[in-house]
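Chemist:
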Amino acid sequence: HTIFLKDYTPSPYRIVSVDMDFRIGIDNTRVRAQLTVEPREGTAPGTPLVLDGDELSLGSIAIDGLPLALSAYAADANGLTVVEPPLRRFVLETEVTIQPEGNTKLMGLYRSSGTWCTQCEPEGFRRITYYLDRPDNLAVFKVRMTAPRDVAPVLLANGNLIDKGDAGDGMHYAVWEDPFPKPAYLFALVAGDLGSITDSFTTASGRKVDLAIYCSHGKEDQCLWAMDSLKRSMAWDERRFGREYDLDVFNIVAVSDFNFGAMENKGLNIFNDRLVFAQPETATDANYDGIERVIAHEYFHNWTGNRITCRDWFQLCLKEGLTVYRDQEFTSDERSRAVKRISDVVTLRSAQFPEDGGPLAHPPRPDQYREINNFYTTTVYEKGAEIVRMLATLLGEAGFRKGMDLYFERHDGEATTIEAFLQVFADANGIELEQFKTWYLQAGTPRLTVAEHYDADKQTYTLKLKQETLPTPGQPTKAPLVLPIKFGLIGPNGSPMGWSGVSGAEVRDDMIVLRDGSAEVVFTGIPSRPVPSLLRGFSAPVIMETGASQEDQLFLARHDSDPFNRWQALQDVGMALAVDAVQGKPWSDAAVAALSQAMGDTLGSDTLDDAFKALALTLPDEQLIGRTIGKDIDPGAIHDVRKQLLRAVFGPLSRQMLATYNALASTAPYAPDPASTGRRALRNRMLSLLVGSDAPGTSLLVAQQYDAATNMTDRLAALSTAAMAGTPEAPTMLADFRTRFGGDPLVLDKWLTVTAAAPRDGVIEDMKTILADPAFPRTNPNRLRSLVGTFAMSNPTQFARADGAGFRFVADFVTEVDKVNPQVAARVLTGFRIWPMLESTRREAAKAALTGLSAGGTLSRNTADILTRMLAG
Ligand code: ARG
Ligand code: ZN
Numbered sequence: 007h008t009i010f011l012k013d014y015t016p017s018p019y020r021i022v023s024v025d026m027d028f029r030i031g032i033d034n035t036r037v038r039a040q041l042t043v044e045p046r047e048g049t050a051p052g053t054p055l056v057l058d059g060d061e062l063s064l065g066s067i068a069i070d071g072l073p074l075a076l077s078a079y080a081a082d083a084n085g086l087t088v089v090e091p092p093l094r095r096f097v098l099e100t101e102v103t104i105q106p107e108g109n110t111k112l113m114g115l116y117r118s119s120g121t122w123c124t125q126c127e128p129e130g131f132r133r134i135t136y137y138l139d140r141p142d143n144l145a146v147f148k149v150r151m152t153a154p155r156d157v158a159p160v161l162l163a164n165g166n167l168i169d170k171g172d173a174g175d176g177m178h179y180a181v182w183e184d185p186f187p188k189p190a191y192l193f194a195l196v197a198g199d200l201g202s203i204t205d206s207f208t209t210a211s212g213r214k215v216d217l218a219i220y221c222s223h224g225k226e227d228q229c230l231w232a233m234d235s236l237k238r239s240m241a242w243d244e245r246r247f248g249r250e251y252d253l254d255v256f257n258i259v260a261v262s263d264f265n266f267g268a269m270e271n272k273g274l275n276i277f278n279d280r281l282v283f284a285q286p287e288t289a290t291d292a293n294y295d296g297i298e299r300v301i302a303h304e305y306f307h308n309w310t311g312n313r314i315t316c317r318d319w320f321q322l323c324l325k326e327g328l329t330v331y332r333d334q335e336f337t338s339d340e341r342s343r344a345v346k347r348i349s350d351v352v353t354l355r356s357a358q359f360p361e362d363g364g365p366l367a368h369p370p371r372p373d374q375y376r377e378i379n380n381f382y383t384t385t386v387y388e389k390g391a392e393i394v395r396m397l398a399t400l401l402g403e404a405g406f407r408k409g410m411d412l413y414f415e416r417h418d419g420e421a422t423t424i425e426a427f428l429q430v431f432a433d434a435n436g437i438e439l440e441q442f443k444t445w446y447l448q449a450g451t452p453r454l455t456v457a458e459h460y461d462a463d464k465q466t467y468t469l470k471l472k473q474e475t476l477p478t479p480g481q482p483t484k485a486p487l488v489l490p491i492k493f494g495l496i497g498p499n500g501s502p503m504g505w506s507g508v509s510g511a512e513v514r515d516d517m518i519v520l521r522d523g524s525a526e527v528v529f530t531g532i533p534s535r536p537v538p539s540l541l542r543g544f545s546a547p548v549i550m551e552t553g554a555s556q557e558d559q560l561f562l563a564r565h566d567s568d569p570f571n572r573w574q575a576l577q578d579v580g581m582a583l584a585v586d587a588v589q590g591k592p593w594s595d596a597a598v599a600a601l602s603q604a605m606g607d608t609l610g611s612d613t614l615d616d617a618f619k620a621l622a623l624t625l626p627d628e629q630l631i632g633r634t635i636g637k638d639i640d641p642g643a644i645h646d647v648r649k650q651l652l653r654a655v656f657g658p659l660s661r662q663m664l665a666t667y668n669a670l671a672s673t674a675p676y677a678p679d680p681a682s683t684g685r686r687a688l689r690n691r692m693l694s695l696l697v698g699s700d701a702p703g704t705s706l707l708v709a710q711q712y713d714a715a716t717n718m719t720d721r722l723a724a725l726s727t728a729a730m731a732g733t734p735e736a737p738t739m740l741a742d743f744r745t746r747f748g749g750d751p752l753v754l755d756k757w758l759t760v761t762a763a764a765p766r767d768g769v770i771e772d773m774k775t776i777l778a779d780p781a782f783p784r785t786n787p788n789r790l791r792s793l794v795g796t797f798a799m800s801n802p803t804q805f806a807r808a809d810g811a812g813f814r815f816v817a818d819f820v821t822e823v824d825k826v827n828p829q830v831a832a833r834v835l836t837g838f839r840i841w842p843m844l845e846s847t848r849r850e851a852a853k854a855a856l857t858g859l860s861a862g863g864t865l866s867r868n869t870a871d872i873l874t875r876m877l878a879g
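Residues 7 to 879 in full-length UniProt numbering are what the sequence shown lists, from first letter to last.
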């Protein structure tokens with residue numbers, strides 16, 4: 007059934023403190039919980055206490071020490087009801103047994119490679135004990151755990167360790183206490199045989215915090231980058247937001263079986279090990295970057311998420327959007343702001359825009375859901391971060407910081423809402439944000455259209471702006487949004503052009519704030535036609551259409567002071583050529599030559615850095631081209647056009663690219679700093695462009711780089727380039743990679759990813775063979791996603807084959823995995839979201855696969871929810 011935001015009510019009872027006792031055994035785990043419960047003011051006598059529970063088996067139940075009669079409670083598949091609890095503070099004591107060993111859903115308490123660990127967000131705690139499993143119930147927790155010492159010498163939970171010792175019979179125990187009231191989704195426990203590295207951090211006010219990262223034995227050396235990232239995150243949050251850590255210990259545990267990236271449990275973050283382990287031989291620059299980012303993200307949750315949490319799950323983006331914004335700012339400060347912004351926008355366009363424009367579109371703050379796990383989406387996370395970024399853009403750095411300070415001051419210790427979040431910015435800055443709030447409530451990516459007019463007689467320059475958001479499922483009509491449009495006018499010599507007056511909208515020096523559906527902004531005192539640079543820094547998450555000429559775009563690529571728009575201009579030129587060609591309008595040689603020259607100049611620039619050049623020297627990816635066309639997509643045709651265009655644009659640059667490739671070689675030992683990362687990115691970009699432009703001898707160059715590589719970044723870049731292009735050496739390289747690294751699961755994932763992404767016939771058969779291997783770990787989310795997730799999301803030509811084989815393969819996989827781990831199944835199924843935009847043969851084939859899935863028996867709520875929306879949209 008569906009849960010609605012409008013139905014939110016506080017629970018009639020509150021749990022204020024929790025005392026738990028875990029007896030962890032090989033066969034099962036016994037959980038005793040003593041919950042101190044209070045009726046909320048106004049609760050009527052006789053109001054039942056309804057607790058959540060899932061797959062628990064109840065052993066005993068008592069109130070204030072007295073066992074309850076059978077008629078006084080009822081336990082069923084969804085929980086436990088105490089029929090008539092006392093109307094005063096009381097202690098409810100339950101004892102349940104759970105089976106972590108058989109828990110393949112990886113929610114609640116489960117085992118990963120022998121280690122007991124938990125994942126409770128959003129509704130996993132109810133799989134551990136009966137509870138008010140909702141984020142607005144904050145309680146202090148004390149946790150005692152007893153476990154066999156030999157299999158679980160390490161015993162961890164939230165907060166501080168207050169006692170430990172021997173428990174006889176080969177058992178030992180530990181007691182942890184967390185003084186900060188928290189919702190149950192932040193509960194965590196770990197018991198296992200783990201190695202660790204330790205360090206410490208002293209906060210600005212002098213608290214010495216013991217830091218530790220736990221991992222399987224032998225992996226300790228691979229945790230150093232994560233530790234380094236953690237310490238830098240702690241220092242940054244003090245500098246930038248005045249936020250200090252608040253406990254004496256901060257522990258991180260890396261586990262191999264985890265449904266998503268990581269989890270911010272108070273004082274005990276639990277991580278997917280792919281976001282902890284790094285060493286140059288097995289991890290890429292992208293891995294180092296991801297580790298730094300997610301370590302920071304989870305750490306930042308301590309204030310935005312834990313100290314201030316969500317009232318209900320509709321408010322998820324309160325903590326996620328804000329925390330993504332914070333981790334983006336961290337990376338921007340630690341590395342290159344421009345490069346970070348461009349990469350984030352690339353991700354937004356390739357993941358969030360398609361969600362927002364497809365059958366699964368939903369507002370950043372949804373108002374209904376059937377399965378909350380399906381709302382941990384790129385809309386909630388990444389669009390949520392864009393909304394916070396717009397707030398910062400509109401208020402300025404100081405105004406934004408004033409709001410954040412007030413947020414921490416006013417709401418510390420609370421479970422709150424988006425409304426309360428917006429209110430602090432309004433109050434701190436003496437403004438109102440009513441219309442701005444629409445960003446949280448409305449789904450769909452706004453389209454911003456801009457037309458210009460220069461009047462030489464009047465010396466005026468006019469920008470006609472229009473915004474429109476297309477209907478999304480359940481939201482047929484849309485209201486105009488507040489769009490902060492950062493901009494500049496550029497004069498013929500390439501320098502900024504000022505104006506003597508402006509009217510028609512709210513305009514500041516560098517920003518137009520569009521609030522209406524349309525506006526005409528008139529600048530006066532303009533001596534000659536300027537070239538406008540609009541939406542600098544991608545100041546609002548919109549799809550902008552300006553109809554700018556190629557000449558203007560290339561002018562911006564050369565002269566814009568905003569690096570984002572320099573990058574964007576080159577992409578726009580490439581996009582226009584690609585779209586025309588797909589639609590049957592072949593490009594002119596002159597147009598291609600002009601782009602080629604601009605690319606060459608960018609590459610040759612001595613002011614731009616390598617990382618920026620690596621991002622600029624490319625064409626929009628196939629899926630983005632497809633979505634720009636917007637309907638009747640034929641991925642095969644797009645693939646072919648893009649390949650030809652790549653050759654036409656970059657072929658003439660092959661000598662320059664080869665020279666750059668050679669010049670960027672380095673014998674320095676691997677380091678993940680921004681300059682070295684940028685150098686490798688540009689060099690590997692050259693390699694793939696050389697292959698893409700069919701420069702003679704380059705497939706051998708790729709194979710040579712593969713063999714000679716001393717780090718995984720260079721080796722994987724070569725492997726992936728070979729596999730994507732289907733070079734003659736690719737099969738040998740893939741086979742070598744597998745034998746060379748097959749024993750390291752995280753490197754196996756890279757092999758699976760490269761295999762699944764290759765746009766070649768036969769890939770489906772290969773994947774079937776891989777999955778049929780009895781040694782393939784069928785229950786590990788990383789393995790499954792690397793293979794089938796990659797295929798569905800990143801191999802458009804094979805997934806969307808006209809014969810439907812790709813769709814059927816994924817549908818069959820979803821059916822099977824759904825029985826084991828519904829979250830993995832539901833996530834992979836979202837790969838179908840492009841189906842309504844495909845040309846009719848493929849569209850029908852996708853629909854048939856989806857319909858077959860819905861006919862095929864009982865699906866989990868997770869998968870059924872995605873499927874229903876997918877077919878309705
Ligand atoms: N709160 C965690 C994070 O941002 C992720 C939890 C994901 N949970 C889920 N059901 N998908 O980093
Ligand atoms: Zn998060």
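All C-beta atoms in this analysis are idealised placements derived from N, C-alpha and C, irrespective of residue type, glycine included.
Count the other C-beta atoms from every protein chain shown that fall within 10 angstroms of the C-beta of P547, then say buried if there are 16 or more, exposed otherwise.
Modeler: Flag for P547 reads buried.
Chemist: Please classify P73 as buried or exposed, where buried requires at least 16 neighbouring CB atoms within 10 angstroms.
Modeler: P73 comes out exposed.
Chemist: Mark D750 as exposed unless 16 or more other C-beta atoms lie within 10 angstroms of its C-beta, in which case mark it buried.
Modeler: So D750 ends up on the exposed side.
Chemist: Where does G114 fall in DSSP's three states?
Modeler: Strand.
Chemist: Considering Cα atoms alone, identify which of T803, E512, A485 is closest to L469.
Modeler: Nearest of T803, E512, A485 to L469, Cα basis: E512.
Chemist: My understanding is that R246 touches E335, with C-beta atoms under 8 Å, so please give their C-beta distance in whole angstroms.
Modeler: Between E335 and R246 the Cβ distance is about 7 Å, and since that is below 8 Å, they are a contact.
Chemist: For T673, which of helix, strand or coil comes out of DSSP?
Modeler: Here T673 sits in coil by DSSP.
Chemist: Expressed to the nearest angstrom, what Euclidean distance is found between the alpha-carbon atoms of A302 and E850?
Modeler: So the two alpha carbons sit approximately 44 Å from each other.
Chemist: With distance defined between alpha-carbon atoms, name the residue in P828, L57, A806 nearest to R848.
Modeler: The shortest C-alpha separation from R848 is found at A806.
Chemist: For the candidate residues S539, G510, S524, whose alpha-carbon lies nearest to that of A496?
Modeler: Checking the sequence, you will find Ile at residue 496 rather than Ala. It is S539.
Chemist: Just curious, the beta strand (DSSP E) that C323 is in, first and last residue?
Modeler: That residue, C323, is in no beta strand (DSSP E); its alpha helix (DSSP H) goes 322 to 340.
Chemist: Based on DSSP bridge pairs, tell me the residues matched to P73.
Modeler: For P73, which the question treats as bridged, DSSP gives the partners A68.
Chemist: From the DSSP output, in three-state form, read off D463 for me.
Modeler: It is coil, neither helix nor strand.
Chemist: To the nearest angstrom, how far is the alpha carbon of R572 from that of L562?
Modeler: So the two alpha carbons sit approximately 6 Å from each other.
Chemist: Could you spell out the range, first to last residue, of the alpha helix (DSSP H) harbouring D411?
Modeler: Unbroken alpha helix (DSSP H) run through D411: 390 to 417.
Chemist: State the start and end residues of the unbroken alpha helix (DSSP H) segment that holds H178.
Modeler: Counting along the chain, H178 falls outside any alpha helix (DSSP H), though it belongs to the beta strand (DSSP E) covering 177 to 188.
Chemist: Would the stretch 786 to 805 and the stretch 827 to 837 be scored as touching if the rule is three or more Cβ pairs under 8 Å?
Modeler: Result yes; three or more Cβ-Cβ pairs closer than 8 Å.
Chemist: Alpha carbon to alpha carbon, what distance is there between A434 and Y413?
Modeler: When rounded, the distance between both Cα atoms is 9 Å.
Chemist: Hey, would you say the C-beta of P128 is under 8 Å away from at least one heavy atom of the ligand ARG?
Modeler: Yes, the Cβ of P128 comes within 8 Å of a heavy atom of the ligand ARG.
Chemist: Would you mind reading off the limits of the alpha helix (DSSP H) that contains G858?
Modeler: Unbroken alpha helix (DSSP H) run through G858: 846 to 861.
Chemist: Taking a contact to mean a Cβ-Cβ separation below 9 Å, would you say L609 touches K619 in this structure?
Modeler: Yes.
Chemist: Considering Cα atoms alone, identify which of A808, G114, G212, G748 is closest to A781.
Modeler: Checked all of A808, G114, G212, G748; the closest Cα to A781 is G748.
Chemist: Does DSSP put A153 in a helix, a strand or coil?
Modeler: Three-state DSSP puts A153 in a strand.
Chemist: Relative to the alpha-carbon of E326, which residue among A268, P592, A292 has its alpha-carbon at the smallest distance?
Modeler: Comparing Cα positions, the closest option is A268.
Chemist: Per DSSP, what are the beta-bridge partners of K472 in this structure?
Modeler: T455, S524.
Chemist: Answer with yes or no whether the minimum CB distance from S699 to chain D is below 9 Å.
Modeler: In the displayed structure, chain D is absent; only one protein chain is listed.
Chemist: Quick test of your reading: A764 and M799, contact by CB under 8 Å. State the CB separation rounded to the nearest angstrom.
Modeler: Actually they do not touch by this definition, with Cβ atoms about 14 Å apart.
Chemist: Just to confirm, is the Cβ distance from A190 to T204 under 9 Å?
Modeler: Contact: no.
Chemist: Cβ of Y79 versus every heavy atom of the ligand ZN: is any distance shorter than 8 Å?
Modeler: Checking the Cβ of Y79 against the ligand ZN gives no.
Chemist: How would you label E392, buried or exposed, when you count the other beta carbons within 10 angstroms and need 16 or more for buried?
Modeler: E392 should be labelled buried.
Chemist: Using a threshold of 8 Å, is the CB atom of V588 nearer than that to any non-hydrogen atom of the ligand ZN?
Modeler: Incorrect: V588 has no Cβ contact closer than 8 Å to the ligand ZN.
Chemist: Considering only the alpha carbon of each residue, which of L41, V528, P498, G296 lies closest to V537?
Modeler: Out of L41, V528, P498, G296, P498 has the C-alpha closest to the C-alpha of V537.
Chemist: Could you give the residue range of the alpha helix (DSSP H) that holds R29?
Modeler: No alpha helix (DSSP H) contains R29, which is instead part of the beta strand (DSSP E) from 19 to 30.
Chemist: Report yes or no: do three or more beta-carbon pairs, one from the stretch 690 to 699 and one from the stretch 295 to 309, lie closer than 8 Å?
Modeler: No: the two stretches stay apart, fewer than three of their Cβ pairs being nearer than 8 Å.
Chemist: Please report the straight-line C-alpha distance between L576 and G500, rounded to a whole angstrom.
Modeler: C-alpha separation (whole angstroms): 17 Å.
Chemist: Near A210, which residues of its chain fall below 8 Å by C-beta distance, leaving aside the five closest residues on each side in sequence?
Modeler: E244, E250.
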